[in-house]
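Protein chains in written order, with the working numbering: chain A, 9 to 101; chain B, 69 to 280.
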């Protein structure tokens with residue numbers, strides 16, 4: 009497991025042609041690891057008849073809503089929680 | 069697709085005969101998968117039968133038990149799949165279910181921006197609005213606005229957590245137990261736990277809202 013709960017991570021800002029499960033609004037954003045889930049087969053290859061191996065660990069990360077949407081109208085403490093596969097995360101300092 | 073002649077002067081959406089492009093594509097895919105032996109028609113029928121047999125009553129039983137039994141709540145938060153099995157419920161096929169607890173200071177609501185991921189085993193088929201583009205886009209960008217449309221006004225000091233279920237995990241919200249429900253039995257509590265409250269877009273019913 010590469011990332012620990014509480015650690016800051018950046019979601020890779022990379023283009024990916026084809027099926028993937030990293031929402032566009034999240035790319036390049038910095039968040040905090042809230043929870044580590046088990047590893048699952050990789051949907052990026054499974055979608056094209058691949059075996060999805062090696063499995064990728066999944067993390068629940070949270071990002072401040074105000075970091076996502078400059079015009080966010082809610083409370084400053086509001087956060088968006090989202091599951092991201094490990095190969096889409098980078099260490100953020 | 070449409071042979072509809074517009075010899076009248078009002079406009080309307082095309083009258084559906086079930087041949088929308090997506091439905092047609094789905095049928096074509098099914099035909100191919102069956103023809104090539106990947107799945108059988110019985111597989112499809114069994115899966116549909118399973119899906120429509122599921123209902124939010126199962127999720128409500130989990131929530132009601134968690135409300136009356138703190139130890140069970142711990143187990144539910146720790147591993148919802150095992151907790152569901154403990155109550156004799158079917159937590160469904162492989163994906164992991166994670167329960168999230170709403171408190172005085174934190175409110176969770178669930179969306180799947182990429183498609184319509186949903187804890188079907190415990191809540192049944194997702195409502196149409198959950199799968200709609202407006203909900204999927206606005207739930208992340210303007211969640212308090214969406215909640216207000218569902219009749220939920222959160223205090224400004226409540227932290228709203230929108231949970232975008234993008235992958236293999238399915239999320240189930242444990243709503244807050246309403247005040248003045250101490251006298252209710254576990255079954256009566258389950259009756260006030262609605263589907264929408266377990267998605268996080270509503271509070272449970274007030275006990276008086278439940279038909280006797």
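Note that the Cβ used here is the ideal one computed from N, Cα and C, for glycine as well.
Because the structure is a prediction, the values reported are computed rather than measured.
- Item | Cβ shell of residue 71 of chain A (< 6 Å), same chain only, five flanking positions each side left out | 37, 39, 88
- Message: Taking the straight line between their C-alpha atoms, what separation do you get for residue 251 of chain B and residue 187 of chain B?
- Response: 30 Å
- Tell whether a beta-carbon distance below 8 Å holds between residue 240 of chain B and residue 167 of chain B. yes
- Would you kindly check if the distance between the Cβ of residue 51 of chain A and the Cβ of residue 29 of chain A is under 8 Å? yes
- Residues of the segment 202–215 of chain B whose Cβ lies closer than 8 Å to any Cβ of chain A, in chain order: 208, 209, 210, 211, 212, 213
- Reduced DSSP secondary structure (H/G/I, E/B, other) of residue 91 of chain A: strand
- Using a Cβ cut-off of 8 Å (strictly closer), state whether residue 10 of chain A contacts chain B. no
- Message: Using 8 Å as the threshold, is the C-beta distance between residue 178 of chain B and residue 268 of chain B below it?
- Response: yes
- Do we get a CB-CB distance below 8 Å when we pair residue 45 of chain A with the residues of chain B? yes
- Message: Please classify residue 115 of chain B as buried or exposed, where buried requires at least 16 neighbouring CB atoms within 10 angstroms.
- Response: exposed
- Quick one: does residue 235 of chain B have its CB under 8 Å from some CB of chain A? yes
- Would you mind working out which of B:220, B:118, B:261, B:101 sits nearest residue 160 of chain B, comparing C-alpha positions? B:118
- Item | residue 27 of chain A, buried or exposed, once every other Cβ within 10 Å from all chains shown has been counted against 16 | exposed
- Using a cut-off of 7 Å between C-beta atoms, extract the partners of residue 90 of chain A located in chain B. 232, 234
- Query: Between which two residues does the beta strand (DSSP E) harbouring residue 178 of chain B extend?
  - Reply: 174–179
- Does any CB atom of chain C fall closer than 8 Å to the CB of residue 20 of chain A? Among the protein chains in the structure shown, which are A and B, there is no chain C.
- Pair within 8 Å by beta-carbon distance, residue 145 of chain B and residue 129 of chain B: no
- Task: Please name the residue or residues paired with residue 56 of chain A in a DSSP beta bridge.
- Result: According to DSSP, which records beta bridges pairwise, residue 56 of chain A is partnered with nothing at all.
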